[in-house]
């Protein structure tokens, strides 16, 4: 019985340690939904190089993630798709002033369901289009960029009754894939993840603000967060991001 108890205690201690006998660190990374595929591959690569660190990924729209950080959620590192939500965190003194950067950039594109054949943005006004999906502009950066583009093209008021709003950019993609929307406005990187939609066109130049992805370390984050933040800017990480269509910071 004593031997059994000793073995159980030993197994418990080992389970709480990494492969080198060190205590396992769990980092929580809050990332915009459009980063899902790239971050899943990137975090797996990081864990191979840092076997004593476990990465927990938390995906949502940037507005939701920013609110979680404001409310004190245990988040170590963030990657947002919105400069505005990032600025809110800066104003609230919620991030490390020395550990933040504009990490990536992206493009806005118009996509359509494969059953539809659109030649360009003007076709959104045709009788063949009933529903157009965009992210909710107040909380989804892709939706805010989409609204900017439609306003610049003088289409927003004309299409108001046809717009359906999604909780994040990946839901926009799903709506178009499933035919719940005839067309949608997403990031170029989201289009790259699907073989069920057609690319219609990129947003015309200067119709929306530059799409940047700020990244940083939250105040009072674990020490390992600095190492992960540095890794995000490495050549290895950038190769993964570019694989999924992201561009370097502008």
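In mature numbering (1 follows the signal peptide of the UniProt record, and there is no 0), the protein residues as written are -18 to -1, 1 to 232. Here a beta-carbon is modelled for each residue, glycine too, at the ideal position from N, C-alpha and C. For clarity, every value in this text was computed on a predicted model and none was experimentally measured.
Could you name each continuous alpha helix (DSSP H) segment of 4 residues or more that falls completely within the segment 42 to 78, going from the start of the chain to the end? The segment 42 to 78 contains these whole alpha helix (DSSP H) runs: 44 to 52, 65 to 73.
inquiry  = Give me, in chain order, the residues of the same chain whose beta-carbon lies closer than 6 angstroms to that of residue 84; leave out the 5 immediate sequence neighbours on both sides.
reply    = Here the set comprises 194, 196, 231.
Exercise. With a threshold of 16 other CB atoms inside 10 Å of the CB of residue 187, please say whether the residue is buried or exposed.
Key: Classification for residue 187: exposed.
| query | To the nearest angstrom, how far is it from the Cα of residue 161 to the Cα of residue 35? | reply | So the two alpha carbons sit approximately 41 angstroms from each other.
Under 7 angstroms between the Cβ atoms of residue 167 and residue 144?
No, the Cβ-Cβ distance between residue 167 and residue 144 is not below 7 angstroms.
Checklist entry - Taking the alpha-carbon positions, what's the residue 183 to residue 93 distance? => result Going from the Cα of residue 183 to the Cα of residue 93 covers about 7 angstroms.
ask   = Excluding sequence positions up to five away, which residues of its chain have a Cβ less than 7 angstroms from the Cβ of residue 223?
value = Non-local C-beta neighbours of residue 223 in its own chain, meaning closer than 7 angstroms and more than five positions away in sequence, comprise 20, 86, ordered along the chain.
**Report entry** Euclidean distance between Cα positions of residue 220 and residue 109
**Finding:** Near 43 angstroms, if we compare the C-alpha coordinates of residue 109 and residue 220.
Quiz item: Exposed or buried, what is residue 45 when buried is set at 16 or more other beta-carbons lying within 10 Å of its beta-carbon?
Solution: By the neighbour-count rule (16 or more Cβ atoms within 10 Å), residue 45 is buried.
Can you list, in chain order, the stretches of the beta strand (DSSP E) that have 3 or more residues and sit fully within the segment 128 to 178?
-> As summarised for the segment 128 to 178, the continuous beta strand (DSSP E) elements at least 3 residues long and confined to that stretch are 145 to 148, 165 to 169, given in chain order.
May I ask you to verify whether the segment 6 to 13 touches the segment 198 to 210, counting CB pairs closer than 8 angstroms and requiring at least 3? Yes, they touch.
Nearest to residue 95 by alpha carbon, out of 156, 32, 135, 227? It is 156.
Problem set entry | Distance between residue 179 and residue 209 (C-alpha atoms, nearest Å) | Whole-angstrom Cα-Cα distance: 38 angstroms.
Proximity winner among 39, 8, 49, relative to residue 32 (alpha-carbon distances) | Of the candidates 39, 8, 49, 8 places its Cα closest to the Cα of residue 32.
Original post:
Does DSSP put residue 24 in a helix, in a strand, or in coil?
Top reply: Of the three classes helix, strand and coil, the one that applies to residue 24 here is helix, per DSSP.
From residue 51 to residue 30, what does the alpha carbon distance come to, in whole angstroms? Rounded to whole angstroms, the separation of the alpha carbons of residue 30 and residue 51 is 28 angstroms.
**OP:** Would you tell me roughly how many angstroms separate the C-alpha atoms of residue 190 and residue 123, rounded to the nearest one?
**Re:** Distance from the CA atom of residue 190 to the CA atom of residue 123, rounded to whole angstroms, is 11 angstroms.
- [ ] Kindly indicate which three-state DSSP category residue 236 falls into: helix, strand or coil?
- [x] This structure does not reach residue 236, given that the chain is present from -18 up to 232, and the question cannot be answered.
| Euclidean distance between Cα positions of residue 131 and residue 104 | Roughly 12 angstroms separates the two Cα atoms.
Exercise. Going along the chain, which residues of its own chain have a beta-carbon closer than 6 angstroms to the beta-carbon of residue 226, five neighbours each way excluded?
Worked result: Short of 6 angstroms from the beta carbon of residue 226, and not among the five residues preceding or following it, lie these beta carbons of its own chain, in chain order: 19, 20, 171.
TODO: Might you give, ordered along the chain, the residues of its own chain that have their beta carbon closer than 6 angstroms to the beta carbon of residue 129, omitting 5 neighbours on each side?
DONE: Correct list, in chain order: 119.
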